[in-house]
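Down below is the structure, laid out as structure tokens.
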Amino acid sequence: MAESKTILIAEDSSVILNLTKKILELQNYKILVAKNGGEVLKQVESNKIDAILMDLNIPVKNGMDCTKEIRASKNPEVANIPIIAVTGNANNYSMDDFKAVGINDYLPKPLDFDMLVETVKKYTVK
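What the sequence shown shows, in UniProt numbering, is residues 1 to 126, in sequence order.
Written out as structure tokens, the structure reads:
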């Protein structure tokens, strides 16, 4: 079995966080969590992360700002982490908006768990 990949879930809703975490753990992913943008930035600096599920409406620093900061990192391993936006407000953004800040993909809420697993696999299979 290949080593498990680490996914950072940036989500302030405990319900969504716990469901997403359980689904991905069943797929043998190692999960780190962040409840706000400040925690996201701390996690990416101190852990090797293979992909980030980024809620766009997290407190402290929103997902778009976190993504910009991650992309601006001097560390190429951090700057190139695949980031998947998760939002219930996708209508407020276009794929061009996401691409402009460096988001690789997005998943609408409510989450489709099959699509979640498929999307995470797409960015973590090397």
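Glycine residues also receive a C-beta, built at the ideal position from the N, C-alpha and C atoms.
With burial defined as no fewer than 16 other Cβ atoms inside 10 Å of the residue's Cβ, what is the status of Met1: buried or exposed? Any answer about Met1 is weak, because its pLDDT of 41 lies below 50 and its placement is not dependable; what the coordinates show is given next. With fewer than 16 other Cβ atoms from the protein chains shown falling within 10 Å of its own Cβ, Met1 counts as exposed.
Could you check whether the stretch 71-79 touches the stretch 17-35, counting it as contact only if at least three pairs of C-beta atoms, one from each stretch, sit closer than 8 Å? At 8 Å Cβ cutoff, the stretches do not touch.
From Val78 to Asp50, what does the alpha carbon distance come to, in whole angstroms? Here the alpha carbon of Val78 sits roughly 9 Å from the alpha carbon of Asp50.
Proximal residues to Lys109 (C-beta, below 8 Å), its chain only, five neighbours per side dropped: The answer, listed in chain order, is Ile16, Val86, Thr87, Gly88.
Quick check: the Cα distance between Ala107 and Leu56, rounded to an integer number of angstroms? Looking at the sequence provided, one finds Leu at residue 107 rather than Ala. Between Leu107 and Leu56, the C-alpha separation is close to 11 Å.
Lys48, buried or exposed, once every other Cβ within 10 Å from all chains shown has been counted against 16: exposed
Does any residue of chain C have a CB that is nearer than 7 Å to the CB of Glu25? Although the question refers to chain C, the structure presented lacks it and comprises just one protein chain.
So Met54 and Ile84 are in contact, right, with Cβ under 8 Å, and what is the actual spacing, rounded? 7 Å
Cβ-based neighbour list, Ile103, same chain, cut-off 7 Å, excluding 5 preceding and 5 following: Thr67, Ile83, Ala85
Where do the ends of the beta strand (DSSP E) carrying Val86 lie? Its beta strand (DSSP E) spans residues 83-87.
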